[in-house]
Amino acid sequence: MIHKTKCLFVCVLILSFFIVACSRPSTNPPEQQTAAQNDVTDLNWQVPDFQAVDQTNKTVTKDTLKGKVWLTHFLFTRCPNICPPMTANLARVQKAVEKEGIPATMVSFTVDPEHDKSDVLKKFGEDHGANLTNWHFLTGYSFEYIQKIATDAFKGQVSKVNTNDPKTVLFNHPSQFYLVDQTGKVRKFYDGLKPNVKQLVADVKQLEQEGK
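Numbered per mature numbering (1 follows the signal peptide of the UniProt record, and there is no 0), the sequence shown spans residues -21 to -1, 1 to 191.
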């Protein structure tokens, strides 16, 4: 019963994040997110096998990330609102993790693979403060493929938005950061627009210690 209740709570919480991604940034301060850690460890969210290429045209799979703690999110480079600040926020987390001497990898899945080729993602990452030595900006798959990854692994939804303007391209996608352990299991998720950097660093550090 407790497990079912938690599943329902998490689903409602994820839906609220998804609505944020469709409309406007959250106004909740990060301090309000620490009471419930958004821990989904016991829900057994597993990242499926996948294949993509990153900003260097290097092939990246689930096996590439095996044995590593990684933080991930969804974006598209033509995004007019949440993607730039989310990526900059994850870059802040990356810098904080590196300052602590913690080895962690960042992974960004584009939801617009037709446009976001490797060179486009590389520039986007550089423009938003990413250290590309341990950050994979992923593309090289179909739109349907990333929809399935979002649903199967992260219980999120990715969809195209009808804008009635061929020059305007929009997608709905989750606005969370996800913490994935060394086995490819999703452990926690966080508000990507208002992240508590200290909490994220502490959680990454804990997972690294668990893996030793």
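Ideal Cβ placement from N, Cα and C applies to all residues, glycine included.
C-alpha distance - residue i paired with residue j, whole-angstrom precision
{"i": "N23", "j": "G135", "result": "15 Å"}
{"i": "G80", "j": "N141", "result": "44 Å"}
{"i": "N151", "j": "L111", "result": "26 Å"}
{"i": "F(-5)", "j": "N175", "result": "Legend: pLDDT at F(-5) = 45, less than 50; position of this residue unreliable, no value from coordinates given."}
{"i": "N17", "j": "Y120", "result": "29 Å"}
{"i": "E123", "j": "K78", "result": "37 Å"}
{"i": "I61", "j": "F103", "result": "14 Å"}
{"i": "H52", "j": "N143", "result": "27 Å"}
{"i": "K191", "j": "A181", "result": "16 Å"}
{"i": "D28", "j": "N36", "result": "19 Å"}
{"i": "K139", "j": "L149", "result": "6 Å"}
{"i": "D131", "j": "T56", "result": "23 Å"}
{"i": "Q30", "j": "L172", "result": "27 Å"}
{"i": "D98", "j": "Q161", "result": "28 Å"}
Which listed residue (the options) has its alpha carbon closest to that of residue i
{"i": "L54", "options": "L179, N143, S121, V86", "result": "V86"}
{"i": "D170", "options": "L179, K164, T162, G163", "result": "L179"}
{"i": "S154", "options": "C58, A181, A31", "result": "C58"}
{"i": "F21", "options": "I128, N36, V76, R166", "result": "A small fix is needed here, since residue 21 is Asp in this sequence, not Phe. With distances taken between Cα atoms, D21 lies closest to R166."}
{"i": "K146", "options": "N36, E105, H94", "result": "H94"}
{"i": "V159", "options": "K184, K139, K173", "result": "K184"}
{"i": "L117", "options": "L100, K127, D131, A109", "result": "L100"}
Cβ neighbours of residue i in the same chain (closer than 6 Å, five flanking residues each side left out)
{"i": "H115", "result": "D33, V39, V86"}
{"i": "F133", "result": "Y157"}
{"i": "T84", "result": "K47, W49, N113"}
{"i": "A75", "result": "V176, V180"}
{"i": "A129", "result": "G135, V137"}
{"i": "residue 220", "result": "In the structure as shown, the chain starts at -21 and stops at 191, and residue 220 therefore has no counterpart that could be examined."}
8 Å CB neighbourhood of residue i in its chain, flanking five on each side removed
{"i": "G163", "result": "Q25, V26, K41, L44, K45"}
{"i": "H107", "result": "P63, T66, A67, A70"}
{"i": "E105", "result": "L111"}
Own chain, CB closer than 7 Å to residue i, minus 5 neighbours either side, in chain order
{"i": "I125", "result": "F88, V90, P92, V137"}
{"i": "K96", "result": "T118"}
{"i": "K127", "result": "none"}
Whole-number beta carbon distance between residue j and residue i, since they are thought to touch under 8 Å
{"i": "P82", "j": "E189", "result": "P82 to E189, Cβ: 14 Å. No contact."}
{"i": "V72", "j": "F168", "result": "The Cβ separation is near 13 Å, so there is no contact."}
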